[in-house]
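Numbering (the numbering used here), first residue to last: 2 to 128.
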C-alpha cells in the first residue's frame, strides 16, 4: 500500500512553479502601471495644452499601489473651464481604454480635496 503524500508539504517543483508565476504576475503589474502612467502623462498634457488646466493630480489606486486590470484613472484637475469639462472628460476617455474619473479640484468637498492633495501625486509638465 502506498503512502499518500502530506498535503501540507510543497515539493521543490511546486515551489519553483509558484515563484515563477508570482514573478510573472509582478512583471505584468509593473507593465500595466507603466502604461497607465504614460496615459496619465499624455492626458495631463492635453488637459493643460488644449483645455487650460493649471494642475493635474493623480489619486486613487495608481498612487496607492493597488492598481489592477479593472482600475480606472483618478485625476483631479484645477483651472479647467467648467463649460469645457465634458469635452475634456471625453478627450481623456478617448486617450485610454480605461475609464477616466476626472474631478474638478475646485468643486470637491473640503475633506475630499484635502485627501486628494495629501495622497495624490501632481503630474507636472516635465513628467
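The C-beta atom is built at its ideal place from N, Cα and C for all residues, glycine as well.
Please read these numbers as outputs of a predicted model, since none were measured by experiment.
Does the region 97 to 108 come close enough to the region 16 to 23 to have 3 or more Cβ pairs within less than 8 Å?
The region 97 to 108, when compared against the region 16 to 23, does not touch it at the 8 Å Cβ threshold.
May I ask you to report which of helix, strand or coil DSSP gives residue 96?
Note: residue 96 maps to coil in three-state DSSP.
Just confirm the distance between the C-beta atoms of residue 1 and residue 114, as a whole number of angstroms; I'd bet it's less than 8 Å.
Residue 1 is absent from the model: the chain starts at 2 and stops at 128.
With residue 61 and residue 81 assumed to form a contact (beta carbons below 8 Å), what rounded beta-carbon distance in angstroms separates them?
Actually they are not in contact, since the Cβ atoms of residue 61 and residue 81 sit about 18 Å apart, beyond 8 Å.
Would you list the one or two residues that DSSP bridges to residue 77?
Residue 77 pairs with 58, 104.
Whole-angstrom Cβ separation of residue 57 and residue 48, contact assumed at under 8 Å?
The Cβ separation is near 6 Å, so the contact holds.
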